[in-house]
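Quick notes on the structure that follows.
Numbering (the numbering used here), first residue to last: 337 to 694.
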């Protein structure tokens, strides 16, 4: 950032002036300044890469996947390329949406972004409601548009008799894996069934080691494994080759219906999860296994749900598997949702005529 400031002193001065609006808290000023300078530097790289491709383009929309640095980069890239009549839009997913999930309950440049973005696509109706409640001045900007996931490679291979429970997420506190470990310990204490758990996903720092150590303390030796990070393709291949009985997640907060849950549904896995954010959409389909839990559920309540699923007759279980796949096809297919979203962006690019900042 020092090099960028030296090469572009006027832009650095503008970033500092914008950051001062976060006063009186010094840490907020610092957060805004770091955010702005990084975004400005990245925007120059992006603009240089796409300038030639956009030279003859008429209808253009600048799109940020996160309501964070990518959204700021979309806005700045638009300015650098002299395309201020083109709209800029962003998604809002999770960490970039809920201020309470971030350090000091703060996200940088919220007002700056909302004043300049023409659309903000929330990952769920719950997320859209959150935006409307916290930023009512920009309510006309917010709308819901889900993302979706690719299809499973070997859908429907769920096996009740495998007694195999799967979870997939970053190993971070908001995913509450220690709570899940307590939940699974309760299950193991209440049944002689050989309950095994696999977690897919990685983390940073010492927190993953703490979670793994806690699992070693609370769960039956040899009944769990942490497989680390897998990309989307590898994850779907793993699901195809390793039949599971259920997908579980006890996250404290979500934006939309988590991609990891969608991937489990695509595979045909019944889901047991906390009803937070867009996860509550599972309640809309009566055929899907009723695995929704309160965010503050007890281990006993989790065990009740899982043991009910594992003790049901085969025909009923297969019905839950079919319902999970059906829900995914109707609500979560990336092919269907991405096509519709692309059409939406085309219309926005063609119809917006003056999108410059107020």
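Even glycine gets a Cβ: it sits at the ideal position worked out from N, Cα and C. Only a predicted model underlies this, so the values are computations on that prediction, with no experimental measurement involved.
- Counting C-beta atoms within 10 angstroms of its own C-beta, residue 540 has fewer than 16 neighbours from the protein chains shown and is therefore classed as exposed.
- Cβ-Cβ distances below 6 Å link residue 611 to 628 in the same chain, with the five nearest sequence neighbours on each side left out; the list follows chain order.
- Separation of residue 364 and residue 442 (C-alpha to C-alpha, rounded to the nearest whole angstrom) is 7 Å.
- In the DSSP annotation of this structure, the continuous segment of the alpha helix (DSSP H) that includes residue 371 starts and ends at 362-390.
- Using a Cβ-Cβ distance cut-off of 8 Å, the region 521-536 and the region 475-495 are not in contact, since fewer than three pairs of beta carbons, one from each stretch, lie closer than that value.
- About 19 Å separates the Cβ atoms of residue 613 and residue 660, ruling out a contact at the 8 Å cut-off.
- Within its own chain, the residues whose Cβ lies closer than 8 Å to the Cβ of residue 686, once the five positions on either side in sequence are excluded, are 395, listed in chain order.
- In this structure, the CA atom of residue 637 is about 18 Å from the CA atom of residue 503.
- A distance below 7 Å between beta-carbons, with the five flanking residues on each side excluded, links residue 412 to the following residues of its chain, in chain order: 375, 376, 379.
- The distance from the Cβ of residue 425 to that of residue 397 is about 6 Å, consistent with a contact at the 8 Å cut-off.
- Distance from residue 438 to residue 591 at the Cβ level is roughly 13 Å; contact not present, criterion being Cβ atoms closer than 8 Å.
- Looking at 615, 529, 672, 433, the one whose alpha-carbon comes closest to that of residue 587 is 615.
- The three-state secondary structure of residue 438, taken from DSSP, is coil.
- Separation of residue 419 and residue 477 (C-alpha to C-alpha, rounded to the nearest whole angstrom) is 20 Å.
- Restricted to the region 507-560, the alpha helix (DSSP H) segments that are unbroken, complete and at least 4 residues in length are 513-526, 543-554, listed in chain order.
- Nearest to residue 485 by C-alpha distance, out of 598, 607, 560, is 598.
- Counted as a single uninterrupted DSSP element, the stretch harbouring residue 582 is not any alpha helix (DSSP H) but the beta strand (DSSP E) occupying residues 582-585.
- In this structure, residue 468 sits near residue 475, with a CB-CB distance shorter than 7 Å.
- A residue is called buried when at least 16 other Cβ atoms come within 10 angstroms of its Cβ; residue 511 meets this threshold and is buried.
- The three-state secondary structure of residue 470, taken from DSSP, is helix.
- Counting of Cβ neighbours within 10 angstroms places residue 530 among the exposed residues, the total staying below 16.
- If you look at residue 494, you'll find it isn't in any beta strand (DSSP E); DSSP assigns it neither H nor E.
- Closest by C-alpha distance to residue 513, out of 551, 500, 479, 447, is 551.
- Bridge pairing for residue 669: 485 [DSSP].
- DSSP places residue 350 in the uninterrupted alpha helix (DSSP H) bounded by 345-355.
- In the DSSP assignment, residue 398 falls within the beta strand (DSSP E) that extends over 398-400.
- Annotation: residue 413 is outside any beta strand (DSSP E); the continuous alpha helix (DSSP H) that includes it extends over 405-416.
- Residue pairing by DSSP places residue 562 opposite 535 in a beta bridge.
- Bounds of any beta strand (DSSP E) do not take in residue 421, whose DSSP letter is neither H nor E.
- DSSP, read as helix, strand or coil, puts residue 505 in coil.
- Apart from sequence neighbours up to five positions away, the residues of its chain that approach residue 681 with a beta-carbon distance below 8 Å are 397, 399, 425, ordered along the chain.
- Classified as exposed, residue 549 has fewer than 16 neighbouring CB atoms from the shown chains inside 10 Å of its CB.
- In this structure, residue 499 lies near residue 581, with their beta-carbon atoms less than 7 Å apart.
- By the beta-carbon neighbour count (other beta carbons within 10 angstroms, threshold 16), residue 463 is buried.
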